[in-house]
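Take the sequence shown: its letter number 101 is residue 101 in the UniProt record's numbering, and every next letter is one higher. Just below is one structure, and these are the notes that go with it.
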Amino acid sequence: MVDIASISAGISSIKVALDITKELRSIDSSLKDAEVKLKLAELIETLSDAKISMSEIREENQDLRLKIKELEEKLNQTEEVEFRNGHYFLKNPKDGKANGPFCAKCYTDNDKLIPESELPSRFHRLGKYQCPKCSSTTM
Ligand SMILES: [Zn+2]
């Protein structure tokens, strides 16, 4: 992962490269070729640094896009529930997993799908289902 320092490094490399270009433009023609060659070497090195920083930034950008896509998919997944008779149910049940009922309180408060347990019939006065996490009972 690239941090903000890489972006700053890339930007400062580009600034240095621009400064060198300005110096090259203003170099008096009477100066020796050696000085021009030295400045060109500096310019190439600085531009290479900038290129490396930019490719790191591009990689990070791709990673971030991927992460955003994953999170969006996750978000869509959590939206695929429906509320019926005081419980949440999955609209599209997953392989081998019950599609509900899930505790409405836990889903509303914490976005967590907690499968409710069915209470023995002697407790049905309190409710038919109970959440193992928050202990709320529902008919
Ligand atoms: Zn609960």
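Every residue, glycine too, gets a C-beta built ideally from N, C-alpha and C.
Leaving aside the five residues before and after residue i along the sequence, list all residues of the same chain whose C-beta is less than 6 Å from its C-beta, in chain order.
{"i": "glutamate 82", "result": "Phe89 and Lys91"}
{"i": "aspartate 137", "result": "The sequence shown places threonine at residue 137, rather than the aspartate named in the question. Taken in chain order, the residues that qualify are Leu126, Gly127 and Gln130."}
{"i": "glutamate 116", "result": "Pro101, Cys103, Tyr129 and Cys131"}
Using only CA atoms, which one of the options lies nearest to residue i?
{"i": "lysine 105", "options": "Ala17, Lys67, Gly127 and Lys133", "result": "Lys133"}
{"i": "glycine 86", "options": "Ser12, Pro120, Ile11 and Met139", "result": "Met139"}
Quick check: residue i and residue j, are their CB atoms within less than 9 Å of each other?
{"i": "alanine 98", "j": "serine 53", "result": "no"}
{"i": "glutamate 42", "j": "isoleucine 20", "result": "yes"}
{"i": "glutamate 23", "j": "lysine 39", "result": "yes"}
Excluding five sequence neighbours on each side, which residues of the same chain lie with their C-beta closer than 8 Å to the C-beta of residue i?
{"i": "alanine 17", "result": "Leu43, Thr46, Leu47 and Ala50"}
Excluding the five sequence neighbours on either side, which residues of its own chain have a C-beta within less than 7 Å of the C-beta of residue i, listed in chain order?
{"i": "glutamate 72", "result": "none"}
{"i": "glutamate 118", "result": "Lys128 and Tyr129"}
Please classify residue i as buried or exposed, where buried requires at least 16 neighbouring CB atoms within 10 angstroms.
{"i": "serine 121", "result": "exposed"}
{"i": "isoleucine 68", "result": "exposed"}
Q: Pull every residue with its beta-carbon under 7 Å away from any heavy atom of ligand 1, and keep them in chain order.
A: Cys103, Lys105, Cys106, Ile114, Cys131, Lys133, Cys134 and Ser136
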